[in-house]
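Asks:
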Amino acid sequence: MWTNYHTHSKYCDGKSEFNEYIDSARRNGVVSLGFSSHAPVPFDCKWCVQKEDLLAYFDNINDLKKHVHDIEIYKSLEIDFIPGVVSPFEYKDDLDYTIGSIHFVDQFPDGRRWEIDGSHELFLEGVDKIFNGNMKDAVIRYFELTREMIFSAAPTIVGHLDKIKIQNPSEKYYLEADSWYQDQILQTLRLIDQAQLIVEVNTRGLYQKKSPTTYPSPWILEIIREKDIPVTINSDAHHEKDLVSHFEETAALLKEIGFTNVSILRGGTWQRIPFNETGILI
Ligand SMILES: [Zn+2]
Ligand SMILES: [Zn+2]
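Numbering (UniProt numbering), first residue to last: 1 to 282.
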């Protein structure tokens with residue numbers, strides 16, 4: 001049995017309907033399923049739920065929660081944190097839990113918002129024009145924003161903690177072993193620990209073949225284990241076929257690192273449940 005709290009439907013940039021995810025959950029033994037489309041933002045965003053569709057999104061999930069009895073269904077959004085613009089706090093009262101993620105880091109001089117997980121070309125343009133070509137400053141800013149989110153508008157789950165590494169293939173621009181990078185990770189984990197948040201172990205980079213490892217990287221998971229920070233395995237699926245993609249190898253990795261439990265939502269409450277490489281043990 002598995003759980004997954006990070007899925008994108010056709011309300012945002014996902015390619016599958018809620019019902020297709022539910023069928024996939026039945027086929028794949030997913031017993032607790034959360035829908036988490038990209039929350040609306042107050043500027044043009046093609047991959048976000050549009051503000052005028054948000055009520056329908058909520059209604060649709062509420063309806064499923066009422067009528068689907070063999071799978072626990074949960075209502076969420078993956079919410080961006082942009083200081084003074086949007087934060088996980090904005091929507092949390094309507095949701096069972098929140099995922100807080102950084103996709104936008106600051107703005108170009110012409111006002112365009114810089115997406116850190118868009119094209120590599122756009123990424124390099126942002127490093128150049130916003131950070132005067134200083135890659136290290138750009139990466140540090142990403143983690144600073146993550147910490148500001150945790151400090152000022154903590155979500156339930158921290159989404160793809162180190163996703164900015166997607167732009168550092170084969171560690172082309174910096175090494176994760178560099179002391180400044182490790183320091184950013186340690187500072188961020190310290191805050192996550194204090195705020196008692198859940199870190200997702202996100203498999204999207206693996207099936208997209210854009211990262212050879214999970215978000216976050218295994219060495220970061222080792223520190224998370226040492227600090228006893230709770231984790232949950234999510235696929236960040238944009239299609240029902242990816243609902244449990246790479247879950248077995250990720251569970252095996254977590255076991256190898258020494259994790260004994262993962263966090264799941266059960267009866268509306270987060271609980272830490274034993275697991276092995278075939279899934280959660282309930
Ligand atoms: Zn995301
Ligand atoms: Zn996502």
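Every residue, glycine too, gets a C-beta built ideally from N, C-alpha and C.
Predicted model, so just to flag it, every value in this text is computed and none were measured.
Measuring from the CB of D94, is there a heavy atom of ligand 2 at a distance below 6 Å?
Replies: Checking every heavy atom of ligand 2 against the Cβ of D94, none is found closer than 6 Å.
Asks: To the nearest angstrom, how far is it from the Cα of P230 to the Cα of C45?
Replies: 31 Å
Asks: Quick check on the burial criterion: 16 or more other C-beta atoms within 10 angstroms. Buried or exposed for I73?
Replies: buried
Asks: Under the rule that 16 or more other beta-carbon atoms within 10 Å means buried, what is K51, buried or exposed?
Replies: exposed
Asks: With 16 as the cutoff for other CB atoms within 10 Å, does Q167 come out buried or exposed?
Replies: buried
Asks: Quick check on K210: does DSSP put it in helix, strand or coil?
Replies: coil
Asks: Cβ of E115 within 6 Å of any heavy atom in ligand 2?
Replies: no
Asks: Could you check what DSSP says for G118 in three-state terms: helix, strand or coil?
Replies: Coil.
Asks: Is D13 near ligand 2, going by C-beta to nearest heavy atom under 6 Å?
Replies: no
Asks: Following the continuous beta strand (DSSP E) through I71, name the residue where it begins and the one where it ends.
Replies: No beta strand (DSSP E) contains I71, which DSSP labels as neither H nor E.
Asks: In whole angstroms, what separates the C-alpha of H6 from that of L243?
Replies: Each residue's alpha carbon lies about 9 Å from the other.
Asks: I need the straight-line Cα distance from I157 to W2, nearest angstrom please.
Replies: 17 Å
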